[in-house]
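A short worksheet on the structure shown next.
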Amino acid sequence: MLKLVCAMGVAAGVVAAATPACNLVAGWAQQGDARSYQAENLFEYMDGNAEGYVLYGFQSMRGVTCVKSGVTLVIDVSDFGDADSAFGMFTANRDLRVPSAKLGMGGQIVPRRAIFTKGQYYVEIAANPEGDYTGTLQEWTAALEKTVEGSTDPPVALSWFPSEKQQSLRLVPESVLGIRLLKRGYVGQYDFGKAFVVTEASAESAGALMAKLRARFGETTTVNIADDAFQMNDKYLGQVCIFRKGLYLAGYGNVTAGQDPVSLAKTLASRLP
Numbered sequence: 059m060l061k062l063v064c065a066m067g068v069a070a071g072v073v074a075a076a077t078p079a080c081n082l083v084a085g086w087a088q089q090g091d092a093r094s095y096q097a098e099n100l101f102e103y104m105d106g107n108a109e110g111y112v113l114y115g116f117q118s119m120r121g122v123t124c125v126k127s128g129v130t131l132v133i134d135v136s137d138f139g140d141a142d143s144a145f146g147m148f149t150a151n152r153d154l155r156v157p158s159a160k161l162g163m164g165g166q167i168v169p170r171r172a173i174f175t176k177g178q179y180y181v182e183i184a185a186n187p188e189g190d191y192t193g194t195l196q197e198w199t200a201a202l203e204k205t206v207e208g209s210t211d212p213p214v215a216l217s218w219f220p221s222e223k224q225q226s227l228r229l230v231p232e233s234v235l236g237i238r239l240l241k242r243g244y245v246g247q248y249d250f251g252k253a254f255v256v257t258e259a260s261a262e263s264a265g266a267l268m269a270k271l272r273a274r275f276g277e278t279t280t281v282n283i284a285d286d287a288f289q290m291n292d293k294y295l296g297q298v299c300i301f302r303k304g305l306y307l308a309g310y311g312n313v314t315a316g317q318d319p320v321s322l323a324k325t326l327a328s329r330l331p
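If you're matching positions, the sequence shown starts at 59 in this note's numbering and goes up one per residue.
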């Protein structure tokens, strides 16, 4: 019985951590009912944008609208099931032209909007009407960050990609490099091309996927990288090198002239577990 009570307490704590409340910051009052959505009915709340959430593994959302002195904040906390998916949602929505904020695994605050991710949760705040609410959003994100469960360490996959000449790095939820066989993975955009890492369920499934890729591309040249690798020239992806290391499939595509995709892939392979 004691174990059951403890388990219920832990579950309740997780739910509470993912549920925003207007009294987190003094002076704010709730407007209307709290919101709760699942993947099946999210379109009722954000018709047109729901698909993007679901692509990243959206599971549920809890939200609330708070008001104070003519200002309205729409606050939503979404559960994406795991940290990679939540961080992927964050990277898909951040503005690369604006500096990041030190919030959770990553965050960003602009005059009327704040987003951050922590553990499996993605948090967003929208402010109305027009105006600069940076201070208010900073206060609210600081309060929310304390209530949301989860790690503040960025996904380990980010450390696999070389930082030199890297323009961006994000989780792509489907068709990595435009290849349907590569269903989900991280893609780094560089000055000289694109690097990617896809994690399969096992080394065996990764090996089977390599065989399918060879069949898809046709003419390829085997190269010596990790467990298996090939390079090729493709009409759309240009210079390409793809390798397998254990359960990881990774490599480079769209490599510019003068760069060696095999050499780049070897460096990436050395950084993988």
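Heads up, the beta-carbon is just placed ideally off N, CA and C, and yes, glycines get one too.
The beta strand (DSSP E) runs lying completely inside the stretch 70-131 and spanning 3 residues or more are 93-96, 118-126, given in chain order. For LEU326, no beta strand (DSSP E) segment is defined; the enclosing uninterrupted segment is the alpha helix (DSSP H) at 319-329.
Within the same chain, Cβ atoms closer than 7 Å to the Cβ of LEU216 are found at LEU227, the five residues on either side in sequence being excluded. Non-local C-beta neighbours of ARG171 in its own chain, meaning closer than 8 Å and more than five positions away in sequence, comprise GLU182, ILE183, ALA184, ALA185, LEU195, ordered along the chain. Under DSSP, no beta-bridge partner is assigned to ASP142. If you draw a straight line from the Cα of ALA327 to the Cα of GLY139, it is about 28 Å long. Per DSSP, the continuous beta strand (DSSP E) segment holding PHE174 begins and ends at 171-176.
In the structure shown, ASN186 falls within a strand segment according to DSSP collapsed to helix, strand and coil. Closest in alpha carbon position to ARG120, among TYR191, ARG93, ALA273, ASP211, is ARG93. In this structure VAL83 does not touch GLU222 by the C-beta definition: roughly 41 Å separates them, more than the 8 Å allowed. Judged by DSSP secondary structure, THR210 falls outside any beta strand (DSSP E); it is assigned neither H nor E. With a beta-carbon spacing of about 11 Å, GLU207 and GLY162 fall beyond the 8 Å limit used to define contacts. The Cβ atoms of TYR95 and TYR103 lie closer than 8 Å to each other. Of all alpha-carbon atoms in ASN282, GLY265, VAL135, LYS241, the one lying nearest the alpha-carbon of THR77 is that of VAL135. Listed in chain order, the beta strand (DSSP E) elements of length 3 or more contained wholly in the stretch 238-283 are 243-248, 251-257.
Here THR175 is buried: its Cβ has 16 or more other Cβ atoms, across all protein chains shown, within 10 Å. Nearest C-alpha to GLN88 among ALA97, CYS124, PHE275, ALA108: CYS124. With 16 or more neighbouring CB atoms inside 10 Å of its own CB, ALA144 falls in the buried class. Judged by their CB atoms, GLY311 and GLY251 are nearer to each other than the 8 Å cut-off. In this structure, the alpha-carbon of VAL132 lies about 12 Å from that of ILE173. Counting along the chain, GLY311 sits inside the beta strand (DSSP E) bounded by residues 306-313. Under the three-state reduction of DSSP output, PHE219 falls in the coil class, being neither helix nor strand. Shown here, GLY164 sits in a strand according to DSSP, grouped into three states. Non-local beta-carbon contacts of TYR248 in its own chain, meaning distances under 7 Å to residues more than five positions away in sequence, involve LYS223, GLN224, GLN225 in chain order. Put simply, of VAL168, ALA150, MET147 the residue whose alpha carbon is nearest the alpha carbon of PRO157 is VAL168. In terms of Cα proximity to PRO187, the closest of GLY276, LEU305, THR130, GLU262 is THR130.
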